[in-house]
Amino acid sequence: MRQDTLAIHTLITTTGHLRALDSRIEAQAVLCFALIAAHPGIAMSDLAERLGLTLGGTSRNISKLCDVGNGLGLVSREEDPVDRRLKRMRLTERGERFCRDLGGALAAITPPREWR
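Anchor point for the sequence shown: position 104 equals 240 in the working numbering, and the numbering is continuous, going up by one each time.
Following this line, the structure appears as structure tokens:
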């Protein structure tokens, strides 16, 4: 299977699993989750750049995945110890379990800019 076809299949599968947790989850939030899983500690600004989203759009998607408020509890947002202005994203224990349940399928997802 071609890598782009595999990535699309994996994205659909992951979206289905995340929609079992929250039926309103959007594809952008799924991609955020996939990139955080692939790049633990990624800065919010780097995540936004890779996805081609604004910081505000990225922040809204992270809030849906986050471990505070009404989020899914899959992602944590932490201050960078060196530069407190930066926020670093990591999977929570629940997020790690969710990834394991997917059987590593998220590794096939690459950001849209790399699909070309």
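Even for Gly, the Cβ is constructed at its ideal location relative to N, Cα and C. Owing to the predicted nature of the structure, the values given are computational and were not obtained by experimental measurement.
What span of residues does the beta strand (DSSP E) with residue i cover, start to end?
i      : result
Val211 : 211 to 215
Arg224 : 223 to 227
Terminal residues of the continuous alpha helix (DSSP H) containing residue i?
i      : result
Leu208 : Where Leu208 is concerned, there is no enclosing alpha helix (DSSP H), given that its DSSP letter is neither H nor E.
Cys202 : Element bounds for Cys202: n/a, residue is neither H nor E.
Asp182 : 180 to 187
Leu238 : Element bounds for Leu238: n/a, residue is neither H nor E.
Ile172 : 163 to 174
Might you give, ordered along the chain, the residues of its own chain that have their beta carbon closer than 8 Å to the beta carbon of residue i, omitting 5 neighbours on each side?
i      : result
Arg252 : In this prediction, Arg252 has a pLDDT of 36, which is less than 50 and means its spatial position is unreliable; what the coordinates show is noted afterwards. Hits under 8 Å: none found.
Glu250 : In this prediction, Glu250 scores a pLDDT of 47, lower than 50, which makes its location untrustworthy; no coordinate-derived value is stated.
Ser181 : Leu191, Leu222
Ser199 : Gly205, Gly207
Thr194 : Cys168, Met180, Leu183, Ala184, Leu187
Going by beta carbon distance, what residues of the same chain come within less than 7 Å of residue i, once the five residues before and after it are set aside?
i      : result
Leu189 : Gln164
Would you mind sorting residue i into buried or exposed? The rule is 16 or more other CB atoms within 10 Å of its CB.
i      : result
Val204 : exposed
Arg148 : According to the sequence provided, residue 148 is Ile. The question's Arg does not apply to it. By the neighbour-count rule (16 or more Cβ atoms within 10 Å), Ile148 is not buried but exposed.
Pro248 : In this prediction, Pro248 scores a pLDDT of 46, lower than 50, which makes its location untrustworthy; the coordinate-derived value is nonetheless stated afterwards. The residue is exposed, with fewer than 16 neighbouring Cβ atoms inside 10 Å.
Gly152 : exposed
Quick check on this structure: which residue in the options has the alpha carbon closest to the alpha carbon of residue i?
i      : options                        : result
Leu201 : Leu238, Ile148, Leu187, Leu157 : Leu157
Gly177 : Arg236, Met225, Phe234         : Met225
Arg236 : Ala170, Arg160, Ser159, Ile148 : Ala170
Ser212 : Thr151, Glu185, Ala179, Leu187 : Ala179
Glu232 : Pro217, Asp216, Glu215, Gly209 : Gly209
Identify, in the order they occur along the chain, each residue of the same chain with its Cβ nearer than 6 Å to the Cβ of residue i, setting aside the five sequence neighbours on each side.
i      : result
Asn197 : Gln164, Ala165, Cys168
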